Amino acid sequence: MRSSSTMQAAAISAFVLLAPAALAQPAPDFYKGKVVAIVMGTGPGGSYDLYGRIIAAHLGRMIPGNPKVIVEQMPGAGGIIAGNYIFNTGPQDGTKILMSHPLPLIEKLEPNGVRYESAKFQWLGTYDSINQVMALWHTAPALSLADPKAKDLVLGSFNKTHLSYQWAMMAKNVLGASYKVITGYPSGNHLDLAMERGEISGWVVAWENLTGTKPDWLAQKKVVLPMQFAPARMSDLPDVPTLGELAPADKKDIVDFVVSGTPFSRALAVGPQVPADRVAVLRRAFDDLMRDEAFLADAAKLKLGIEPRNAEQVQAMVSKIVSATPELVTRVRQAIGQE
13 MRSSSTMQAA
23 AISAFVLLAP
33 AALAQPAPDF
43 YKGKVVAIVM
53 GTGPGGSYDL
63 YGRIIAAHLG
73 RMIPGNPKVI
83 VEQMPGAGGI
93 IAGNYIFNTG
103 PQDGTKILMS
113 HPLPLIEKLE
123 PNGVRYESAK
133 FQWLGTYDSI
143 NQVMALWHTA
153 PALSLADPKA
163 KDLVLGSFNK
173 THLSYQWAMM
183 AKNVLGASYK
193 VITGYPSGNH
203 LDLAMERGEI
213 SGWVVAWENL
223 TGTKPDWLAQ
233 KKVVLPMQFA
243 PARMSDLPDV
253 PTLGELAPAD
263 KKDIVDFVVS
273 GTPFSRALAV
283 GPQVPADRVA
293 VLRRAFDDLM
303 RDEAFLADAA
313 KLKLGIEPRN
323 AEQVQAMVSK
333 IVSATPELVT
343 RVRQAIGQE
């Protein structure tokens with residue numbers, strides 16, 4: 013007969029062996045009763061907020077266990093703060109989902125403050141490509157960059173790591189324009205108000221921001237759109253040229269590089285240590301969401317584009333960006349005002 017001390021030791025050993033299995037709940041059981049947060053790197057208002065809230069309203073239905081899904085805002089540094097949080101200190105259990113800014117581009121072009129590796133995020137997919145336009149208020153000093161008074165234009169932006177700044181600077185440098193670009197606005201709402209008040213002449217804004225939050229501006233022609241920043245002309249703007257079309261031949265590769273990273277401004281990801289089974293569940297939920305009729309109907313009501321890519325496609329795009337040559341990266345950095 014075994015002694016009580018031997019039996020106690022055996023029981024402790026059995027507990028230690030079983031504890032990890034008990035703690036590592038299967039994904040369907042794990043999400044039941046949980047709260048999942050979509051963490052975005054900007055404040056309220058604008059296209060990120062629109063997408064974040066509509067995704068949060070429907071994603072829980074796609075995840076086994078039907079968790080509650082909420083939106084958390086973590087603005088700052090063009091999405092770097094939110095990216096660093098999800099990659100490092102945020103819970104690595106699948107309850108925090110990053111709504112990404114163009115983090116692979118930021119990692120290559122403006123690495124100061126970056127504490128993440130884009131290739132190690134576990135990407136769920138992209139729900140669209142961010143298509144941005146240069147929007148000028150109708151009373152701005154000039155409504156075309158060809159106008160001699162275009163030198164008096166002042167474009168606002170978030171900060172130097174954000175596409176609102178980088179696209180504005182790239183257009184300025186690629187086309188040889190001489191307007192001014194300023195930083196410091198915390199959200200799309202602030203930039204819209206500044207434009208309306210005449211504090212700035214305009215800004216590089218997501219098309220969905222205008223269609224979703226300011227349709228009256230478009231209907232009343234309160235903004236003029238001299239160019240768009242997209243791989244090709246959007247069907248909504250067939251008469252507005254892209255920067256790629258306007259760029260001289262020796263600078264088109266610079267524009268193309270930045271365009272290739274824009275889908276990451278419409279991407280979802282989780283941290284590198286989230287268990288594989290939960291990542292699989294979230295990827296399947298994302299794919300299902302992109303086909304869900306109720307979600308697509310709500311997106312259409314808000315005039316939000318949905319053109320998804322799955323996780324495998326997104327990972328291939330990341331690899332292309334992070335493997336860019338130093339020579340190209342240097343030229344791009346110069347064009348977007350980082351050097």
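Residue numbers (this note's numbering): 13 to 351.
Backbone N, C-alpha and C define an ideal beta-carbon position, used for all residues, glycine too.
This one's a predicted model, so the numbers in the text were calculated from it and none came from an experiment.
Taking only three categories from DSSP, how would you classify residue i?
{"i": "residue 298", "result": "helix"}
{"i": "residue 165", "result": "coil"}
{"i": "residue 220", "result": "helix"}
{"i": "residue 108", "result": "strand"}
{"i": "residue 101", "result": "helix"}
{"i": "residue 80", "result": "strand"}
{"i": "residue 291", "result": "helix"}
{"i": "residue 328", "result": "helix"}
{"i": "residue 192", "result": "strand"}
{"i": "residue 238", "result": "strand"}
{"i": "residue 337", "result": "coil"}
{"i": "residue 342", "result": "helix"}
{"i": "residue 246", "result": "coil"}
{"i": "residue 214", "result": "strand"}
When we look at the beta-carbon of residue i and count the other beta-carbons within 10 Å, is it buried (16 or more) or exposed?
{"i": "residue 138", "result": "buried"}
{"i": "residue 254", "result": "buried"}
{"i": "residue 368", "result": "Since the first residue shown for the chain is 13 and the last is 351, residue 368 is missing from the structure and cannot be characterised."}
{"i": "residue 108", "result": "buried"}
{"i": "residue 120", "result": "buried"}
{"i": "residue 305", "result": "exposed"}
{"i": "residue 251", "result": "exposed"}
{"i": "residue 309", "result": "exposed"}
{"i": "residue 33", "result": "Confidence at residue 33 is low in this model, with a pLDDT of 42, below 50, so the placement of that residue is unreliable and no value is reported for it."}
{"i": "residue 260", "result": "exposed"}
{"i": "residue 176", "result": "buried"}
{"i": "residue 338", "result": "exposed"}
{"i": "residue 4", "result": "Within the shown structure, residues of the chain are numbered from 13 to 351, placing residue 4 beyond reach of any answer."}
Which residue from the options puts its Cα closest to that of residue i?
{"i": "residue 227", "options": "246, 315 and 69", "result": "315"}
{"i": "residue 95", "options": "77, 67, 64 and 129", "result": "129"}
{"i": "residue 348", "options": "274, 39 and 173", "result": "173"}
{"i": "residue 60", "options": "158, 224, 290 and 306", "result": "224"}
{"i": "residue 143", "options": "309, 158, 219 and 253", "result": "219"}
{"i": "residue 249", "options": "267, 222 and 260", "result": "222"}
{"i": "residue 80", "options": "111, 102 and 42", "result": "42"}
{"i": "residue 115", "options": "73, 337 and 331", "result": "331"}
{"i": "residue 214", "options": "149, 267 and 270", "result": "149"}
{"i": "residue 58", "options": "338, 276 and 202", "result": "202"}
{"i": "residue 233", "options": "155, 307 and 339", "result": "155"}
{"i": "residue 122", "options": "235, 246, 92 and 97", "result": "92"}
{"i": "residue 159", "options": "177, 181, 191 and 171", "result": "191"}
{"i": "residue 229", "options": "37, 247, 207 and 246", "result": "207"}
Taking the Cβ atom as the reference point for each residue, do residue i and residue j lie within a distance shorter than 8 Å?
{"i": "residue 53", "j": "residue 77", "result": "no"}
{"i": "residue 323", "j": "residue 295", "result": "yes"}
{"i": "residue 333", "j": "residue 273", "result": "yes"}
{"i": "residue 199", "j": "residue 55", "result": "yes"}
{"i": "residue 147", "j": "residue 165", "result": "no"}
{"i": "residue 112", "j": "residue 279", "result": "yes"}
{"i": "residue 286", "j": "residue 104", "result": "yes"}
{"i": "residue 135", "j": "residue 281", "result": "yes"}
{"i": "residue 216", "j": "residue 266", "result": "no"}
{"i": "residue 74", "j": "residue 312", "result": "no"}
{"i": "residue 145", "j": "residue 241", "result": "yes"}
{"i": "residue 271", "j": "residue 256", "result": "yes"}
Which residues in the same chain as residue i place their Cβ atom closer than 8 Å to its Cβ, once the five residues preceding and following it in sequence are excluded?
{"i": "residue 82", "result": "47, 48, 49, 50 and 68"}
{"i": "residue 132", "result": "99 and 284"}
{"i": "residue 351", "result": "342 and 345"}
Is any non-hydrogen atom of the ligand MG found closer than 7 Å to the C-beta of residue i, if you look at the structure I gave you?
{"i": "residue 87", "result": "Because no ligand of any kind appears in the structure shown, any question about the ligand MG cannot be addressed here."}
Identify, in the order they occur along the chain, each residue of the same chain with its Cβ nearer than 6 Å to the Cβ of residue i, setting aside the five sequence neighbours on each side.
{"i": "residue 263", "result": "186"}
{"i": "residue 290", "result": "39 and 106"}
{"i": "residue 44", "result": "77"}
{"i": "residue 71", "result": "81 and 301"}
{"i": "residue 171", "result": "90 and 195"}
Can you name, in chain order, every residue of its own chain whose Cβ lies under 7 Å from the Cβ of residue i, other than the five neighbours on each side?
{"i": "residue 320", "result": "137, 138, 139 and 302"}
{"i": "residue 189", "result": "157, 162 and 183"}
{"i": "residue 341", "result": "120 and 121"}
{"i": "residue 243", "result": "271"}
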